[in-house]
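Chains as they are written, first to last, in UniProt numbering: chain A, 1 to 254; chain B, 1 to 254; chain C, 1 to 254; chain D, 1 to 254; chain E, 1 to 254; chain F, 1 to 254. Backbone N, C-alpha and C fix where the C-beta goes; we use that ideal spot for every residue, glycine too. Take a look at the structure set out below.
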């Protein structure tokens, strides 16, 4: 039994609120346990300089925390005048992951700006960000399709992420909260597509190392948890989820 | 009649949700029309270097917008590596205003960090921030009193803010939304205490100037609107509001 | 009686030296009491990116102090690598104020850079900057008209600024020196046009608040002081001042 | 057959030159194929502020490339005034990896600064950096032991890293050069200890995703390649390598 | 004959106004031709961290130009957020030069901040800065001696600087104005003490090189010009100049 | 006799390795005593904005040290986020010097980026950088000529640099190592062309001043040392050196 009464393979309660804010093309509030992230997707009608003239689009992500999202207040990165290494790592991960399930050749020279703003943090903020951002991006592209800006849904598969780890007692667990994350010997984030392919695996054991056997157990826990996350995404997206599946099938037939 | 059917002296609907987030000592979500600001107050057990050893406390404020709080996405200030002049002006205003109704001599060497994060913007974000931040600060100090960290409520009066302006047609109006603010010839922010004293007056006419008579009309509109805002703050604070009034009376008797 | 023997409604001695430096299109040294500011106006034949193609001009201001303009040496902002919030507030105020009395539609796609460099500070540096910068801007535009770069004087009215405040003893005073400014409970800056319209009102009471009655007294003191400042500007500008009045009258007749 | 005539499971030629530079406590030039990295370990007799007073040590890493280490010249990060996200990710990875095989409790309040400077890049610079830096760190600690600054070798195991990936043709390969890395669909870096435990797994498929089966094949390729890298490290370290093994055994016996 | 009617070995007119500003311990306005520099010396009662506890003092210099000191307006370095290489070179030169004629062992743990602010530039701003700054520093130390903060004048010799160069026609000239400096093939700055010793020689020929013979001619021109500059400094310093000579003699006798 | 057994006019051993790295158009490792600098020259097919459209080329230099090139580790300038004044001075000096012996009118609109990275420092890093960078630049231009990108060798003369100084005992010496440089009273760097013309003279005496006689002795020592350095450059360049001499002669004949 874990401190919050879950067993090793349980996720925390998940809520995905769509159309959370008024202005963004796609806007989501995702809650996983006590972790709450606002994920907004904005469409800009141009691409960064290094991509101009290729007829392709781009997706870029930014991640931040409210200063008091955490137990102790953190200094705002705009006040420090620079973005931390941790933040950069996370925003690169989010962008890279989302790009793997979007057909960038079919969105024109557009940039999708994905903003993940953690308003409350209790572990797993980067995986919650990916899971929520995927929904926001799908909503935004759906709006483009509806407005006939692009002709078909360019999202090719579902995408979600979760964390797994090894506790000091050697037990592998799914979906670590902050307390667990702080004490875990191994921490691994898995990003996966709805069809079960890996997009990212990032596993690290700073205080400790991990064996091949532990790796396999963690991978299995993650895969199970991701099934539930995909289910929640499908519920949140409703009929839009079907368009994604169709996109995938259609593409597969080519 | 204004575009949203209000008359000149009407405020937009106001909601103040207290204890909005889990970690901050005081946390508020304030909504004024479509403007939504998360106001968090954090207590730190030390003061900035320039104040050490004086036995007094300090209140400092930070203000930011989510990149897509607005119709067009803004570049995140942490990415730009610096805080804009507008942001600095606003956070200096919020901090200064709050310090005018807190007895800094009676809170020990503590800093209250006030974070105002605009998640959706439709005009009046700085005045909504002040009005919401006041409630967050009162909640935070109330917690300190309850935990016997300090002996009595150091908040000496209510504090709220609103905007007034002059439309191109010459009409003075209260509580401008974004569309009105963009076209207004004069824009004025008024910060006032519950007992009707001015804390700040900032009036500016970039495209135009304003007469003494217009100034008086605007001041009157603001005062009326502020009565409603104080009422909403009292509702949100419940019995805590009474402690503030008492603090003021007790002080007045000295 | 005030520490420097003035009464409540007295300004300090004012000197405005025109053509102070050789290179700028308009150059002024303004002295108000012991406060000395070099105000230079430079004309650049293009506008900032956000204004290109509109056929209009722009005025932007920068403000700085020599490190030893003050009693204690301040760290140079170029060494700190960033401009303080106070500096930004002041330069935004100066630029906004000057734009209110210049017909930007009639100066072509040009930028007026206004540089206010305080070489000696004794209170009231921002209001002295505005008062001096106005003269520098008028000189610069006069040169453009003389050189037939633009066809008529685009300055539509005189513009000056002064400060008023409330001393701890409750007395309202005009034109605060540094010592008065440091102890004042309320500090208010008023920017006004030669025809008596308000351009900016910025009043703040950090240690204290102020009543409606005090506000009215301060406004009256400011208006009186400004009459003298306009007189000094007219003397400094000589026949150029008449062109401004004519410009205004002509415009009024349209 | 790969472009440089290697088969899927071949490493490129490896050279590790110890005591490469004169000043650092540990200095190594590692060459893997055409990739050349200078790895220096410097001992500083204090720890960062957040660790003071705990009696423990710390290891931190910095990574950089000469501007012309690459085919196209890159702008120097000191000229840009900030470190890129990629650089931060790599230096965090190097530091974290090294800390997993050093007993930080037994080195006193000291910081090991590890500088990895790539002078020539042909793929795999981060894994070469880790493999070379490990040797430099071992040399530096050996010097501390020899000088009786610390009583025993605090390095608890060998540590090396390599890359694996999936080519567009679907083949999994070991130790990608730059050309392979640019076209690979999946890129994975594995950091492992001499006793075969994982320290870090970072796998990413931006253009594509990867299956569970591909993951297993890549892990196996990496493990085989790492055996050779450990052998090269043992050769370079000579008798020092034995002290590390002994340290591990001794520790294991506790 | 040169464009301003001077012959090769003529200096431009020199004016040194002492006590130019009110707050600094030493304040000078130096004018050399159309070049005008405000030189302020400020005494701070502590030294930079790297010098603490040695019982010695330090002199550090900062140099800046008003944006419109020049024919074309320059961007303010505080706005750019960094100091240019040229500025750094000049302030290092000024500081180094002044330190060569001050007995830093006899001023206690104090820092002299020398601020050279060019308000109008017409060539030779760095040499004018050194010549003026020397006077400001002597005034500041004289105040310390008068106030019995230190027991004797620590300035050991006069110090001045001038420029020499080679025109495109091959003629060597003294004290280049901006127009000459722009076209000169060789530009050399010489800093010298009152007793004729070199402190700095910085000669550079970007477009061209220079021969040994040209070097000797330039050195001779500089030495002659410096005699006049020392005379102007003695006039400006009055009786203080004698204390410097005495300091030197007394020291010479030791 | 000096600490390393040299006499006053001896250079340390010099090695110049050409084609040191694979990617740069010109790449050199220069060793002077224990000082080792990698000098790379990269050709870019465009010039900086301020030079566009003039049909001319440009040479710019960057200089850096590995953090542990020195006895004590230095903070990396990319981590500090800014380049020091010393670094800027050195890179300006290197660029200026190289431009004096290259016919920039005959290289098209190209920029030569010269990167001098000190991997081990023992005094004289800036003069070693110039001497090595010259060879790298000549190699790079030779490649351009060979590839018929430009029609003839644009390098017009050899260029090398060395240091001279005055020890505390009053002796003038050539080619100071770090220990000598730290204690020297006067430090002078001389950059000269193969035909014996001066390009730069930078002499400074912070702790002390120097006489005209000392200056002449130092100049003579430098000239002698430079003869050896030119000889080493000729050896390293082989037949390319002859093309430079021819270029010069041909030019001289025009």
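{"Query": "Determine whether the Cβ of residue 82 (chain D) lies closer than 8 Å to any Cβ atom of chain A.", "Result": "yes"}
{"Query": "Identify whether residue 165 (chain F) lies in helix, strand or coil by the three-state DSSP scheme.", "Result": "strand"}
{"Query": "Please confirm whether residue 210 (chain E) has its beta-carbon closer than 8 Å to some beta-carbon of chain F.", "Result": "yes"}
{"Query": "Answer yes or no: does any C-beta atom of chain C fall closer than 8 Å to that of residue 77 (chain B)?", "Result": "no"}
{"Query": "Nearest by alpha-carbon distance to residue 46 (chain D): which of D:164, D:31 and D:56 is it?", "Result": "D:56"}
{"Query": "Answer yes or no: does any C-beta atom of chain D fall closer than 8 Å to that of residue 15 (chain F)?", "Result": "no"}
{"Query": "Within 8 Å of any Cβ in chain F, is that where the Cβ of residue 204 (chain E) sits?", "Result": "yes"}
{"Query": "Short of 7 Å Cβ to Cβ, which residues in the stretch 123–139 of chain E face chain C?", "Result": "none"}
{"Query": "Please classify residue 230 (chain C) as buried or exposed, where buried requires at least 16 other C-beta atoms within 10 Å of its C-beta.", "Result": "buried"}
{"Query": "To the nearest angstrom, how far is it from the Cα of residue 88 (chain E) to the Cα of residue 215 (chain C)?", "Result": "49 Å"}
{"Query": "I'd like to know whether the C-beta of residue 254 (chain F) is nearer than 8 Å to at least one C-beta of chain E.", "Result": "With a pLDDT of 39 at residue 254 (chain F), under the threshold of 50, the modelled position of this residue cannot be trusted, and the question is left open."}
{"Query": "Based on the DSSP secondary-structure assignment, which residues constitute the bridge partners of residue 36 (chain C)?", "Result": "C:31 and C:120"}
{"Query": "Let's test the definition: count the other Cβ atoms within 10 Å of the Cβ of residue 25 (chain B) and tell me whether it reaches 16, buried, or not, exposed.", "Result": "buried"}
{"Query": "Just to make sure I have the definition right: I need the residues of chain B whose C-beta is within less than 8 Å of the C-beta of residue 71 (chain A). Which are they?", "Result": "23"}
{"Query": "Residue 172 (chain F) by DSSP, collapsed to three states: which one?", "Result": "strand"}
{"Query": "How many Å lie between residue 226 (chain B) and residue 29 (chain B) at the Cα?", "Result": "19 Å"}
{"Query": "Comparing alpha-carbon positions, which option in B:126, B:117, B:210 and B:168 lies nearest residue 21 (chain B)?", "Result": "B:117"}
{"Query": "Do you know offhand how far residue 42 (chain C)'s Cα is from residue 19 (chain C)'s?", "Result": "13 Å"}
{"Query": "State the Cα-Cα distance for the pair residue 130 (chain B) and residue 165 (chain D), rounded to the nearest angstrom.", "Result": "54 Å"}
{"Query": "Ends of the beta strand (DSSP E) at residue 61 (chain A)?", "Result": "58–65"}
{"Query": "Among E:235, E:197 and E:84, whose alpha-carbon lies nearest the alpha-carbon of residue 212 (chain F)?", "Result": "E:197"}
{"Query": "Following the continuous alpha helix (DSSP H) through residue 87 (chain A), name the residue where it begins and the one where it ends.", "Result": "85–99"}
{"Query": "Residue 199 (chain A) versus chain D: which residues are under 7 Å apart at the beta carbon?", "Result": "205 and 209"}
{"Query": "Does DSSP classify residue 221 (chain A) as helix, strand or coil?", "Result": "helix"}
{"Query": "If you follow the alpha helix (DSSP H) that residue 187 (chain F) is part of, which residue opens it and which one closes it?", "Result": "Note, residue 187 (chain F): premise wrong, no alpha helix (DSSP H); beta strand (DSSP E) at 186–193."}
{"Query": "Measure from the C-beta of residue 62 (chain E) to each C-beta in chain C and report whether the shortest distance is under 8 Å.", "Result": "yes"}
{"Query": "Counting only Cβ-Cβ distances shorter than 8 Å, please list the residues of the stretch 173–198 of chain C near chain E, keeping chain order.", "Result": "none"}
{"Query": "Less than 8 Å separating the beta-carbons of residue 11 (chain B) and residue 59 (chain B)?", "Result": "no"}
{"Query": "Give the DSSP-derived three-state secondary structure of residue 54 (chain C) in the structure shown.", "Result": "coil"}
{"Query": "Based on the DSSP output, what are the partners of residue 202 (chain C) in its beta bridges?", "Result": "B:202 and C:189"}
{"Query": "Going by C-alpha distance, which of F:237, F:163, F:101 and F:7 is nearest residue 136 (chain F)?", "Result": "F:237"}
{"Query": "List the residues of chain C whose Cβ lies closer than 7 Å to the Cβ of residue 151 (chain E), in chain order.", "Result": "Under the 7 Å cutoff, chain C gives no residues; its nearest Cβ is about 24 Å from residue 151 (chain E)."}
{"Query": "Is any beta-carbon of chain E found at less than 8 Å from that of residue 3 (chain C)?", "Result": "no"}
{"Query": "Check for me: the beta strand (DSSP E) holding residue 209 (chain C) runs from which residue to which?", "Result": "Where residue 209 (chain C) is concerned, there is no enclosing beta strand (DSSP E), given that its DSSP letter is neither H nor E."}
{"Query": "If I'm right that residue 79 (chain F) touches residue 44 (chain D) with Cβ under 8 Å, what's the distance once you round it to whole angstroms?", "Result": "Their Cβ separation, rounded to whole angstroms, is 14 Å, which puts residue 79 (chain F) and residue 44 (chain D) out of contact at 8 Å."}
{"Query": "How about residue 158 (chain D) and residue 184 (chain D): do their beta carbons lie closer than 8 Å?", "Result": "no"}
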